[in-house]
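Asker:
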Amino acid sequence: MRPAMRMLAIYHNDLLKEGACPMKSISAIALGLAMATGIGATPAGAQQAQFELELNSLKPVETGCRLTYVARNATGTDLEAASFEVAVFDGAGSVSRLLILEFGALRDGKTKVVQFDLAGQDCGEISRLLINDIAECSAAQGDAPDCIQALSPSSRTEVQFGL
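In our numbering, the protein residues as written are 57 to 219.
#1: Express the C-alpha separation of L174 and R122 in angstroms, rounding to a whole number.
#2: Could you spell out where the beta strand (DSSP E) holding I204 opens and where it closes?
#3: With a threshold of 6 Å on Cβ separation, who are the neighbours of Q216 within its own chain once the five nearest residues in sequence on each side are excluded?
#4: With H, G and I counted as helix, E and B as strand and the rest as coil, what does DSSP make of G147?
#5: Can you grab the Cα-Cα spacing for the pair L207 / T124, in whole Å?
#6: Cβ of T133 within 7 Å of Cβ of P201?
#7: Output yes or no for whether 7 Å exceeds the beta carbon distance between S139 and A191.
#8: Quick check: the Cα distance between D164 and N129, rounded to an integer number of angstroms?
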């Protein structure tokens, strides 16, 4: 048992021996757990580095299905290259293909719209798009951020999109 947890357990037992109200004991324990685990330790106004990736639309085109993404780099780092391995699921829930979607360079604070055409793919047959892995995430200078940790996927479509 971690020292902070051991201390809370002893404190809880002491409160119960003294006949303290159990609800106050629970509140004290919850507060202690929050402090011990660092919940709420983020400084006010601090923002988490994010790479926002929105599936904006799917549109049938002559050759297949066009996926439109809106990407926003809010990682605090200019990215030289960002690309993601994405699994496409059909209507039955089976993986129909794996893709590498390349978003190219994105400086910090930049929002970019990128389109990908999936040849021979019927948009209505796509039930889900899963970000399977980061294919590439490199900084223009210095260390690259943890792109999978910073990734914040969303969808404006009926197609599920996420990690």
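Beta carbons: idealized from backbone N, C-alpha and C, even for Gly.
The structure displayed is predicted, hence computed values, not measured ones.
Answerer: Once the coordinates are examined:
#1: R122 and L174 have their C-alpha atoms roughly 6 Å apart.
#2: Per DSSP, I204 belongs to no beta strand (DSSP E); it is in the alpha helix (DSSP H), 203-206.
#3: Setting aside the 5 residues that flank it on each side, Q216 is surrounded in the same chain by R184, each with a C-beta closer than 6 Å to its C-beta; the list follows chain order.
#4: Here G147 sits in coil by DSSP.
#5: Near 17 Å, if we compare the C-alpha coordinates of T124 and L207.
#6: Closer than 7 Å, so yes.
#7: A distance below 7 Å separates the beta carbons of S139 and A191.
#8: Distance between the alpha carbons of D164 and N129: 5 Å.
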